[in-house]
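Heads up, our numbering is the position in the sequence shown plus 3, with the first residue counted as 1.
The beta carbon of each residue, even a glycine, is placed where N, CA and C say it ideally should be.
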Amino acid sequence: METVSIGFGDIVLAGRMVAIVAPTSMSVKRMVQDARETGRLIDATYKRRTRAVIILDSGHIVLSALLPETIAGRMTNAKEAAE
Numbered sequence: 004m005e006t007v008s009i010g011f012g013d014i015v016l017a018g019r020m021v022a023i024v025a026p027t028s029m030s031v032k033r034m035v036q037d038a039r040e041t042g043r044l045i046d047a048t049y050k051r052r053t054r055a056v057i058i059l060d061s062g063h064i065v066l067s068a069l070l071p072e073t074i075a076g077r078m079t080n081a082k083e084a085a086e
C-alpha cells in the first residue's frame, strides 16, 4: 500500500485517507475538538501551526503542519511512482 509523508518523518497510508482539509472552518475545528475529547486525535505538527487536517477512514483525525496541497501532491507522486 502507498504511504504519504505528512512531515517530520511521519507517514500515513494513502488508502486510509478520506479527506485532507484546511483547519479554518468552524465545522473542522469542532471535528478536531471532538476527536481530541474522544481520544481519536493524532497531532503530527511537532508544536507548529496546523495547516492540514487529515480525516482517516477509521474516524481518527491527523493534524499536519504541511499544507493540504503539499500532501495531495505527495499522494499523486506516490501513485505515479507505484504505476
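Residues of its chain near residue i, where Cβ-Cβ distance is below 7 Å and the 5 sequence neighbours each way are ignored
| i | result |
| --- | --- |
| residue 71 | 23, 24, 25, 55 |
Span separating the alpha-carbon of residue i from that of residue j
| i | j | result |
| --- | --- | --- |
| residue 79 | residue 33 | 29 Å |
| residue 20 | residue 50 | 23 Å |
| residue 43 | residue 31 | 14 Å |
| residue 82 | residue 45 | 24 Å |
Presumed contact (8 Å Cβ cut-off) between residue i and residue j, rounded CB distance
| i | j | result |
| --- | --- | --- |
| residue 4 | residue 18 | 5 Å |
| residue 47 | residue 13 | 4 Å |
| residue 77 | residue 7 | 5 Å |
Closest Cα partner of residue i within the set the options
| i | options | result |
| --- | --- | --- |
| residue 62 | 76, 35, 85 | 35 |
Contacting residues, own chain, Cβ-Cβ under 8 Å from residue i (five flanking each side not counted)
| i | result |
| --- | --- |
| residue 9 | 15, 47, 55, 57, 65, 67, 69, 74 |
> For the segment 32-77, which segments carrying the beta strand (DSSP E) assignment without a break, of at least 3 residues, lie completely within its bounds, in sequence order?
Replying inline: 44-47, 55-59, 64-67
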